[in-house]
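In terms of the numbering used here, the sequence shown opens at residue 185 and continues consecutively.
Even glycine gets a Cβ: it sits at the ideal position worked out from N, Cα and C.
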Amino acid sequence: MTDRDRIAIIGAGHVGATAAYALMLRALAPEIVLIDNNGARAHAEAADIADANALARPARVWAGDYADAARARIAVITAGGATHGSQDRLSVAADSAAIVTDCVDRLIGAGFCGVLVIAANPVELMILVALLRSGLPASQVIGSGTLLDTSRLKQALSQALGVAPRRSRVMCWASMATARSPPSRPSGSAA
Numbered sequence: 185m186t187d188r189d190r191i192a193i194i195g196a197g198h199v200g201a202t203a204a205y206a207l208m209l210r211a212l213a214p215e216i217v218l219i220d221n222n223g224a225r226a227h228a229e230a231a232d233i234a235d236a237n238a239l240a241r242p243a244r245v246w247a248g249d250y251a252d253a254a255r256a257r258i259a260v261i262t263a264g265g266a267t268h269g270s271q272d273r274l275s276v277a278a279d280s281a282a283i284v285t286d287c288v289d290r291l292i293g294a295g296f297c298g299v300l301v302i303a304a305n306p307v308e309l310m311i312l313v314a315l316l317r318s319g320l321p322a323s324q325v326i327g328s329g330t331l332l333d334t335s336r337l338k339q340a341l342s343q344a345l346g347v348a349p350r351r352s353r354v355m356c357w358a359s360m361a362t363a364r365s366p367p368s369r370p371s372g373s374a375a
């Protein structure tokens, strides 16, 4: 095992902790480091996930800093502005941009040169912020895109139609709109 087998998650809130837990359960990384401006939160989440590690293949899970993330193969930025109540994702764009910029600056400053995955809202804009700020090639800066929107739509349709979610194929094409609907079928296409 090398440092390059490590995945760093920057932001130990709900999304970051859930991502770390999923990585641990699926044994997708032998090392997972959680980084957060609130060190106590990062330590608490890392400890909880490490305790649950008995359910999966062994992985080292700990709270660390940007120096720990420098040699990671993948860094996931989940830190960003939080929406409250009926706020849409665009309303936190300025806050998220400042947070993502700080995270990217600190990550690149520590020597990171791996793949950067963005999961902060609004994700399409934060991917652009991270790409422009990091100086990494476009092939190394990606985002979670419409993954969660697709999952939500799949779940809603499955419940409405009374079928198991795994029995349907659904894809959201955009997540920026505040009102979402499935894309219409091109005219002349078969059902």
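Distance, residue j Cα to residue i Cα
i    : j    : result
C356 : K338 : 9 Å
R364 : A322 : Caution is warranted here: a pLDDT of 48 is assigned to R364, below 50, making its placement in the model unreliable, and the coordinate value is therefore given only provisionally. Computed Cα separation, rounded: 28 Å.
V301 : Q343 : 31 Å
S368 : D220 : Residue placement at S368 is flagged as unreliable, the pLDDT there being 49, under the threshold of 50; a coordinate-derived value is accordingly withheld.
R157 : A201 : The question about residue 157 has no answer here: the residues shown for the chain are numbered 185 through 375.
A361 : R317 : The pLDDT assigned to A361 is 47, lower than 50, so where the model puts this residue is not dependable; a value taken from the coordinates is nonetheless given after this. So the alpha carbons of these two residues sit roughly 25 Å apart.
A196 : L218 : 6 Å
Contact check, residue i vs residue j, beta carbons under 8 Å
i    : j    : result
L341 : V354 : yes
V284 : M310 : yes
V199 : I258 : no
G264 : N305 : yes
V307 : L315 : no
Contact belief for residue i with residue j at Cβ below 8 Å, rounded distance in angstroms
i    : j    : result
I194 : T262 : 7 Å
A238 : F296 : The Cβ separation is near 31 Å, so there is no contact.
A294 : A254 : 4 Å
I191 : A213 : 4 Å
R244 : A211 : Going by Cβ atoms, the distance from R244 to A211 rounds to 12 Å, so no, they are not a contact pair.
Q: Return the chain-ordered ranges of every alpha helix (DSSP H) run that is complete within the segment 198 to 286 and spans a minimum of 4 residues.
A: As far as the segment 198 to 286 is concerned, its whole alpha helix (DSSP H) runs of at least 4 residues are 198 to 209, 223 to 236 and 250 to 253.
Q | At least three beta-carbon pairs within less than 8 Å, the segment 242 to 249 to the segment 209 to 229 | A | Look at the beta carbons and you see the segment 242 to 249 touching the segment 209 to 229: at least three pairs across the two are nearer than 8 Å.
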